[in-house]
Structure formats: structure tokens, C-alpha cells
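Shown next, in C-alpha cells, is the structure this report addresses.
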Amino acid sequence: MRNRLLAASLLSLVTGLAACAPTDLKWSEEVKLHDGKVIQIKRRSELGTPNILGQTRGHPQYHELCYAPMGIHWKSKPEYEPEAFDIVNGKAYVRVPLRGCSSCMHHGFPGTNTIYFAWDGRQWNKITEKEMPEQVRFNLLNKYFIDHDDSRDARGLITLADKDERDGDLYYGFKRTGAKGLNERLSVRDMCAECKSIRIQTSSTADVFLPTEKKDCNW
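Taking our numbering, I'd label the letters of the sequence shown as residues -9 to 209.
Here you go:
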């Protein structure tokens, strides 16, 4: 009897792990630029296996973005998720909110809780807040997956209307408070400043990007 119960438990565990296997997420996304122009980019991520008891889905393992007309490709570590992609005067920019004290420390505890990048035609280069065009606003899909519900994973083409529905609460909050990005919300606005007083121990590094050979947008 005990052996049968053990076997049943093991089968249940294996079945559960199989159900929580890594999930590859790939979608195209309409992005509204600062001047009203709408372009399509490709995005990709992968949810890892759950590592917390009771968690049904894992966390993103990377964030990937591709815009073929300009040969643009982005692939960052999971803690650096872009919130804005825009093209101003023919040059592409990405804005990334920092998440957690380790990232704040690695990037000098910026007052905006955010780091910025510009594309030089070959690679992304970190720039200062002053070098970032002021008109760049949050415009990338944030809720591309939902815990407990893989039927809501981003797939195919995600339109502007889809994004308004998925991220509606964020857009409402931005309009109400005058914020233009995730880390400008009142709940996290002073995150990096508060992190300065905390003793931070971490094994992470300041590296933002991950190596990749897939730069042609053919996902």
C-alpha cells in the first residue's frame, strides 16, 4: 500500500512538472511611436520552470525584441525588461525600469529608477537621462502572460487595442498621476533612493545584455 501511494505521489509530481515545463512566448506587437506612427516589432521571452512552492508558472528568462527594418535586435537579462521602444529623428531608443536594489546599485542608484539605451546601427549603447528624448513614453506590452492562465499568453499579433485591454490599469494609473513609465508610479518612484540605505549583497552583475545569434527576426 505504501509503495502504491509513493508511486502515485511520484507520478503526480512528474505530471505536475511536465505541465509546468518552460514556455516559449513569441508574438508580434503594434507599437505607437511618439509622433503617432504605428510600427510592428517582434518580441520573445521564455518562462522557466516554477521554483517556488505553489507557483504554477515560472519567471521570464530573458526579454527579446526585434525590428527588422532598422536591423535592431535586443536581448536582455530577466531583470531588465524594456518598457519603451521609440524612434526619434531616425534613431532608436529603449528605456528600462530598474527592479530591485541590486540593479539600482549596479547602475549608480539613478534618481529616475531607470536606464536608457540608444541604437548606433550595430549595438545598444547606454546613455544618460539627458540624452534620452523627452517624448519617449511607456508603449510596450507589459502583461504578456498571466499566472494560472496560459490561454492569455501573448500570441500572434498584439494590436494597440489588445494592449489597452491587457495593460489598462497601468495606463489608467499613468493618466491619473502624470507618470509616463512603470517606475514613476507612486509605489516605486523613490525605489533606488531608498536602496542607498540598504546593505546590498548580490551575486549578480551590471551586465544588461545576453549573447544571441538570432538577429534576423525570424522566430
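Idealized CB from N, CA, C, for every residue including glycine. The structure presented is a predicted model; accordingly, all values stated were derived computationally and were not measured.
By DSSP's criteria, residue i is part of a beta bridge. Which residues make up the other side?
i, result
"residue 115", "108"
"residue 35", "15 and 53"
"residue 20", "30"
"residue 148", "19"
"residue 86", "105"
"residue 199", "66"
So is residue i buried or exposed if we call it buried at 16+ other beta carbons inside 10 Å?
i, result
"residue 209", "exposed"
"residue 129", "buried"
"residue 21", "buried"
"residue 27", "exposed"
"residue 196", "exposed"
"residue 115", "exposed"
"residue 194", "exposed"
"residue 66", "buried"
"residue 104", "buried"
"residue 19", "buried"
"residue 183", "exposed"
"residue 166", "exposed"
"residue 35", "buried"
Would you tell me roughly how many angstroms separate the C-alpha atoms of residue i and residue j, rounded to the nearest one?
i, j, result
"residue 210", "residue 106", "With the chain covering -9 to 209 only, the question about residue 210 has no answer from this structure."
"residue 206", "residue 125", "28 angstroms"
"residue 30", "residue 201", "24 angstroms"
"residue 37", "residue 14", "7 angstroms"
"residue -8", "residue 54", "With a pLDDT of 48 at residue -8, under the threshold of 50, the predicted position of this residue should be treated as unreliable, though the coordinate-derived value follows. Cα to Cα, the separation comes out at about 48 angstroms."
"residue 198", "residue 142", "28 angstroms"
"residue 39", "residue 164", "32 angstroms"
"residue 68", "residue 180", "22 angstroms"
"residue 162", "residue 73", "16 angstroms"
"residue 186", "residue 97", "12 angstroms"
"residue 189", "residue 84", "30 angstroms"
"residue 158", "residue 32", "21 angstroms"
"residue 192", "residue 70", "16 angstroms"
"residue 177", "residue 113", "33 angstroms"
"residue 17", "residue 56", "11 angstroms"
Classify residue i as helix, strand or coil using the three-state DSSP reduction.
i, result
"residue 175", "coil"
"residue 25", "coil"
"residue 65", "strand"
"residue 210", "As shown, the chain starts at -9 and ends at 209. That puts residue 210 outside it, with no answer to give."
"residue 58", "helix"
"residue 160", "helix"
"residue 81", "strand"
"residue 74", "strand"
"residue 122", "coil"
"residue 47", "coil"
"residue 185", "helix"
Under a CB-based cut-off of 8 angstroms, is residue i close to chain B?
i, result
"residue 133", "The structure shown contains no chain B, having only a single protein chain."
Is the segment 73 to 81 in contact with the segment 34 to 49, if contact means three or more CB pairs nearer than 8 angstroms? Judged by Cβ distances under 8 angstroms, the segment 73 to 81 makes no contact with the segment 34 to 49, as fewer than three pairs qualify.
Given 8 angstroms as the limit, is there contact between the segment 133 to 141 and the segment 81 to 90, that is, 3 or more CB pairs closer than that? With fewer than three CB-CB distances shorter than 8 angstroms, the segment 133 to 141 does not count as touching the segment 81 to 90.
Given 8 angstroms as the limit, is there contact between the segment 169 to 179 and the segment 145 to 156, that is, 3 or more CB pairs closer than that? As far as the Cβ criterion goes, the segment 169 to 179 does not touch the segment 145 to 156, which means the pair count is below three.
Could you tell me whether the segment 60 to 76 touches the segment 152 to 162, where touching means 3 or more Cβ pairs closer than 8 angstroms? When Cβ pairs closer than 8 angstroms are counted between the two stretches, the segment 60 to 76 is seen not to touch the segment 152 to 162, the count staying below three.
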